[in-house]
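Taking it in order: structure first as structure tokens, then the write-up.
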Amino acid sequence: MVEKKPQGYDPGAVEPDWYAGWERENFFHADPDSPGSPYAIVIPPPNITGSLHMGHALNNTLQDILTRWRRMLGDNTLWMPGTDHAGIATQNVVERQLLAEGRTRHQMGREAFVARVWQWREQSGRTIVDQLKKLGASCDWVREAFTMDEPRQQAVLEVFVRLWEDGLLYRAERLVNWCPRCETALADIEVVHEETEGHLWHIRYPFATDPTDGLVVATTRPETMLADTAVAVHPDDPRFTKAIGQQVVLPLVGRRIPVIADHYVSREFGTGALKITPGHDFNDFEIGKQHGLAVIATFIPDGTLREAFLADASDEARSRLARYVGRDRFDVRQMVLEDLGREGFLVGKEPYRHALGRCYRCQTAVEPYLTPQWFVRMKPLAEPAIRAVEEGQVRIIPAQWEKNYFEWMHNIKDWCISRQIWWGHQIPAWYCPSCDAGNIVPAAEAAYTILPEVQPIVARDRPEACPRCGGQELYQDPDVLDTWFSSALWPFSTLGWPAQTKELEVFYPTTVLVTAFDILFFWVARMIMMGLKCMGDVPFRQVYIHALVRDPEGQKMSKSKGNVIDPLDVIERYGADALRCTLTALVAAGRDIRLSEERIEGYRNFCNKIWNAYRFISLHVTEKDKDKIIAALQAEWPPPMDLADRWILSRLQELIGSVTEALENYRFSDAASHLYQFLWHEYCDWYLELVKIRLTNGDERAPWTGRVLLIHVLEVALRLLHPIMPFITEEVWQRLPRSTRDAPSVMIAPWPAADSSLVNPEAVQRMERVMGVIRGIRNIRSEVRIPPNAWLTALVKVEAEEDESLLKSVEAYMRHLARVRDVRIGQTIEKPRHSGVVVTSGMEVYVPLEGLIDIASEAQRVDRELHKVERELNRVNRKLSNTDFLARAPADVVTKERENQQGLRETREKLQRHLSMLRDER
Ligand SMILES: [Zn+2]
Ligand SMILES: [Zn+2]
């Protein structure tokens, strides 16, 4: 017989319509004048270059759950959306497009290039917003902000000027992390350090006085020797006592440089002599400062070699080395190595693993570069931000992250905020060429280098004239601000600051920030500092930090590994609800999420389960029943009930309590699993089946109760499930007759409140005993392989009178749910020969097997299987007692073998029990 495929729930057919409907009805909009206590969340603004990945899907599902839940609770709820201009990342995208057209931004010029980026932003930069809508995000889209729109520009200007006026900004020449591909400075945390396989090269530097003798230095970057200004040794190193104070001749270049002594040098590293390149190494820069060494910055700004290293070179060296100039630093490395080798200066080479800093946007190796930049003095800003977390004005959840926060904040360094790119907030500082003539050096393509000695004029608007000399020709600083500068203002800039708005008054500080831990410093810490500085209060009361989404093996999802699960593809195939529920169920605090397609399929099946429950109801509630049911829900509440009714209503009250409590404590996965267990198992597997029996039996004792409660329990559970699965809950809820008629949508229906008068622990306990007996009979059926359609006889030996009457009152349930024709219940029942036996809650359940199965051949089969399992178990036991195996096998192989052992033991026990039933051993 071909089974007809049940008609499943079709998310694709309902999700877009519901979303459009909610938006049309303005349900997402927050009005500061609305009643209810304010509850506000600002979205971590996705980059305009982005498209929705699993991290976004998780992050925004959690924010939506909180927002929808608090909205149903009656709070005045705002979920503030927006996007980030993502300076370097976006500039890179558009530059790549230009490259494909055979152009560069320099050919276009700044103004045209920025116009082109805006154009791109209008066309593609909002893709992610549409994708968030597909996910079901109930953001207040009317308020959608952008970190570079007009109001946000006002906020950025205001903060910059205030920081300047308060002495918290300065411009200075510092060695900074420089990306030669992006051609911009990077903040320390924008550099990703990676272990890399490289080499340590040994180079001999001859003494000026005696070229036959010299020092050997070791370096991973031989090309930087061109910019060396000293060699350093440890002052107490006996090998170099004679060398200190002498001069060595820099190979190839011929420049004389001193040998200096510094405690910083490690005697154990390399040869004990360290070449010092203050222009291209952070540690060398510090040493150079203490010894007054010159700084030669020669690989700049695109990573090619400039002439700076030839400053003191002879004409001969100058012409010999001219072929280096203009070449990329890695080409120069090869040329330098070849020349050193040929001239006998290269005396050794060994493999060497070292940490290499790369640009977090383009992975290019970072080059330290001495250049004038803008910095924010962080210590004075960090101090109140540390106190705010210490004193609990901001709570970080889980609390383990507070430790990381404090560690970073206590060791905070000044923040380099200027970037030498074009896409971003241009720094509101101007320079006067007549006052600062010597400090402004014209450079190529109408740009100019502004020396650190210059005196900036910082202002909210372009100044009419120089306040010092009245000159009208002013240059604006060409740099733009680090993209995180504007995101640091996000919680108040989105609410209209610097204007004093009603929104700020009502919604600031916001309630909670939901974010992944990887931007705790980039973003969260800086928002706390800027909030305290500009608003005098923290930007949010709580920070909930969630884990990352990984593949089933715990690996990071990446395109190169090919293990990426695309949320849009999942939504297309399984629906947004299935995706949201999966992510919610998996997000346990502190642990990474291992996402697999099977999991998502499981929650798609959950949708179908709910849908089928609704379909059953719809078959048994006709249009003309509806009024009667609504009357019962309102006036005759609660209806006359039997044990199963009292049980499910009591469990429902507990569910309301446990889901609410889980959400209050950010235990999202608990909320999802309580709902899943209740709806799938208690409601669909038990209650619905029990009511089915009553409906088909035409039970007259409570003709309406089953129908009324099936609807009532589902309606309440749907409201509890709505924040996690907004679409299917709306679809089914709209179709149910219900007492909360006045709400036009489940998303603004009231959050359920538990009715303590319906909590009935006695009914729950009694129902559990009944379910135990029915489960016991079902277990015997499957273990002893009784055909599923065979009718059984069941005998239950009870200890107490109470159990006897309990089971007798639910005989009809037992008959139908365990497929039992004849039930005998009593205190004096004897176990028949050849019976399946189960003990549950002190009651013994017997199922006589004679006539149902061929006992002798079944016993043989089980015996054979038992032997097989024992053989396998012996093999595993031997393996796990082999110390050699335990010592050598990888940990996960051993774990797997242990799990195997445990499983085999359990199977053996089950088969032994089974065999003893068949052989009737007592
Ligand atoms: Zn880069
Ligand atoms: Zn001037």
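Sequence positions in the sequence shown follow this note's numbering and run 456 to 1377. All residues carry an ideal CB built from backbone N, CA and C; glycine is no exception.
{"Asked": "Below 8 Å on the Cβ atoms is my guess for I895 versus I882; work out the distance and round it to an integer in Å.", "Found": "Actually they do not touch by this definition, with Cβ atoms about 15 Å apart."}
{"Asked": "Leaving aside the five residues before and after Q609 along the sequence, list all residues of the same chain whose C-beta is less than 7 Å from its C-beta, in chain order.", "Found": "P953"}
{"Asked": "Within the present structure, is the beta-carbon of R917 separated from the nearest heavy atom of ligand 2 by less than 7 Å?", "Found": "no"}
{"Asked": "I need the straight-line Cα distance from A642 to H689, nearest angstrom please.", "Found": "32 Å"}
{"Asked": "At 3 residues or longer, and completely inside the region 1281 to 1317: list those beta strand (DSSP E) runs for me, N to C.", "Found": "1290 to 1295, 1298 to 1303"}
{"Asked": "What would DSSP say about A768, mapped onto helix, strand or coil?", "Found": "coil"}
{"Asked": "Do you know offhand how far L792's Cα is from Q701's?", "Found": "25 Å"}
{"Asked": "Do V821 and V935 have their C-beta atoms within less than 8 Å of each other?", "Found": "no"}
{"Asked": "Strictly closer than 7 Å from CB to any heavy atom of ligand 1: give me those residues in the order they appear in the chain.", "Found": "I543, C634, R636, C637, C814, R816, C817, T819"}
{"Asked": "On the premise that Q927 lies in contact with A1386, defined as a C-beta separation below 8 Å, what is that separation, rounded to the nearest angstrom?", "Found": "Residue 1386 lies beyond the stretch modelled for the chain, which goes from 456 to 1377, so this question has no answer here."}
{"Asked": "Could you have a look at W1159 and say whether DSSP puts it in helix, strand or coil?", "Found": "coil"}
{"Asked": "Whole angstroms are fine: how far does the CA of V1168 sit from the CA of Y1268?", "Found": "20 Å"}
{"Asked": "How long is the line joining the alpha carbons of V1300 and L1145, rounded to whole angstroms?", "Found": "21 Å"}
{"Asked": "Closer than 8 Å by C-beta to I1310: which residues in its own chain qualify, once you throw out the five before and the five after it? Chain order, please.", "Found": "H1289, L1304, L1373"}
{"Asked": "Could you tell me the distance, in whole angstroms, from the CA atom of W978 to the CA atom of D1021?", "Found": "26 Å"}
{"Asked": "Decide if T559 is buried, meaning its Cβ has at least 16 other Cβ atoms within 10 Å, or exposed.", "Found": "exposed"}
{"Asked": "Would you identify the three-state DSSP class for H561, choosing helix, strand or coil?", "Found": "helix"}
{"Asked": "Which of the three DSSP states, helix, strand or coil, is assigned to A901?", "Found": "Bear in mind that the predicted position of A901 carries a pLDDT of just 49, short of 50, making it too unreliable to give a figure here."}
{"Asked": "With ligand 2 as the reference, list in chain order each residue whose Cβ lies under 6 Å from any of its heavy atoms.", "Found": "C887, S889, C890, C921, R923, C924, G926"}
{"Asked": "Which same chain residues, not among the five before or five after E628, have their C-beta less than 7 Å away from its C-beta?", "Found": "L825, T826, P827, P907"}
{"Asked": "Can you tell me whether N1337 is buried or exposed? The criterion is at least 16 other CB atoms within 10 Å of its CB, across all chains shown.", "Found": "exposed"}
{"Asked": "Buried or exposed for V1348, please, with buried defined as at least 16 other CB atoms from any protein chain shown within 10 angstroms of its CB.", "Found": "exposed"}
{"Asked": "Whose C-alpha, out of E650, E652, L681, C637, is nearest the C-alpha of I658?", "Found": "L681"}
{"Asked": "Quick one, are the C-beta atoms of V780 and L760 less than 8 Å apart?", "Found": "yes"}
{"Asked": "DSSP puts L670 in a beta bridge; with which residues?", "Found": "Y660"}
{"Asked": "Applying the criterion that 16 or more other CB atoms from any shown protein chain within 10 Å of the CB defines a buried residue, is E1364 buried or exposed?", "Found": "exposed"}
{"Asked": "What is the rounded straight-line gap between the Cα of L929 and the Cα of Q546?", "Found": "26 Å"}
{"Asked": "To the nearest whole angstrom, what separates the beta carbons of P1181 and G591, a pair I think is in contact under 8 Å?", "Found": "5 Å"}
{"Asked": "Quick check on this structure: which residue in E652, Y1138, W1066, V1293 has the alpha carbon closest to the alpha carbon of S1371?", "Found": "V1293"}
{"Asked": "Opposite G803 in the DSSP bridges: which residues?", "Found": "H657"}
{"Asked": "Quick one: grab the DSSP three-state call for P713.", "Found": "strand"}
{"Asked": "Just the C-alpha distance for L1366 and Q1108, rounded to the nearest angstrom, thanks.", "Found": "41 Å"}
{"Asked": "Excluding the 5 residues preceding and the 5 following I751 in the sequence, name in chain order all residues of the same chain whose CB lies nearer than 6 Å to its CB.", "Found": "A682, G734, A763, F764"}
{"Asked": "Take S1095 as the anchor and find which of L1164, A685, L1041 has the nearest alpha-carbon.", "Found": "In the sequence under discussion, the amino acid at residue 1095 is Pro, which differs from the Ser named in the question. P1095 has its Cα closest to that of L1164, out of L1164, A685, L1041."}
{"Asked": "Are three or more beta carbon pairs between the region 1185 to 1194 and the region 1058 to 1074 nearer than 8 Å?", "Found": "yes"}
{"Asked": "Whole angstroms are fine: how far does the CA of K1011 sit from the CA of I1048?", "Found": "10 Å"}
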